[in-house]
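Numbering (the working numbering) for the sequence shown: 16 to 164. Structure, as structure tokens:
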Amino acid sequence: MNAFSTSLLFNPGSLSYGLLGGLTAPLFNRRRLKADQERTVAESRQALYSYRKTVLSSFQEVSNSLKSIENYEHMYALKQEEVKALNDAVAVANDLYLVGRANYLEIITAQRKAPDAELELANTKKNIYRGHQPVQICWRRLEKISQNN
16 MNAFSTSLLF NPGSLSYGLL GGLTAPLFNR RRLKADQERT VAESRQALYS
66 YRKTVLSSFQ EVSNSLKSIE NYEHMYALKQ EEVKALNDAV AVANDLYLVG
116 RANYLEIITA QRKAPDAELE LANTKKNIYR GHQPVQICWR RLEKISQNN
């Protein structure tokens, strides 16, 4: 019967006092708890917006890189045709020179253009390779983000 005594109810060591404190603490700490909740919500929104920004940025980079690769592949095909045409022109210029229909300057001119076109062809192939690098970087970045979440 002593457990229900009012003198023991407000004794700091009593269970009732602890229970009463546990029930009234949220009332006294209401502003702090509300501020903590709002801060947590704001942090989660900020994380979401950061995630969205990263995804959209990565998507844009990949899209640009894929379009660039497509353009360079088209350019590469055209450069291959140009190299073939210039090599054929060198052969024709040599044949014309041998039969006396062309002078030596025409052969030199044809021979000078062919290596330039071959160099441009190699640079275009290098650009195709470089176009794949941003795609790989964005892919790794998205994998890292998805592993963290």
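Ideal Cβ positions, reconstructed from N, Cα and C, are used throughout, including at glycine. Bear in mind that the values here come from a model prediction, so they are computed numbers and not experimental data.
Apart from the five residues on each side of it in sequence, which residues of its chain come closer than 7 Å, Cβ to Cβ, to residue i?
| i | result |
| --- | --- |
| N109 | I122 |
| I160 | Y66, T69 |
| K140 | Y91 |
| S72 | none |
Kindly indicate which three-state DSSP category residue i falls into: helix, strand or coil?
| i | result |
| --- | --- |
| N142 | helix |
| A117 | coil |
| N102 | helix |
| N44 | coil |
| S161 | helix |
Give me, in chain order, the residues of the same chain whose beta-carbon lies closer than 6 Å to that of residue i; leave out the 5 immediate sequence neighbours on both sides.
| i | result |
| --- | --- |
| K82 | none |
| N142 | Y87 |
Can you round the beta-carbon distance between residue i and residue j to whole angstroms, since I take them to be within the 8 Å contact cut?
| i | j | result |
| --- | --- | --- |
| E135 | K99 | Incorrect: roughly 13 Å between the Cβ atoms, too far for contact. |
| V77 | C153 | 5 Å |
| A125 | L101 | 7 Å |
Excluding the 5 residues flanking residue i on each side, which residues of the same chain have their C-beta closer than 8 Å to its C-beta?
| i | result |
| --- | --- |
| H147 | S80, I84 |
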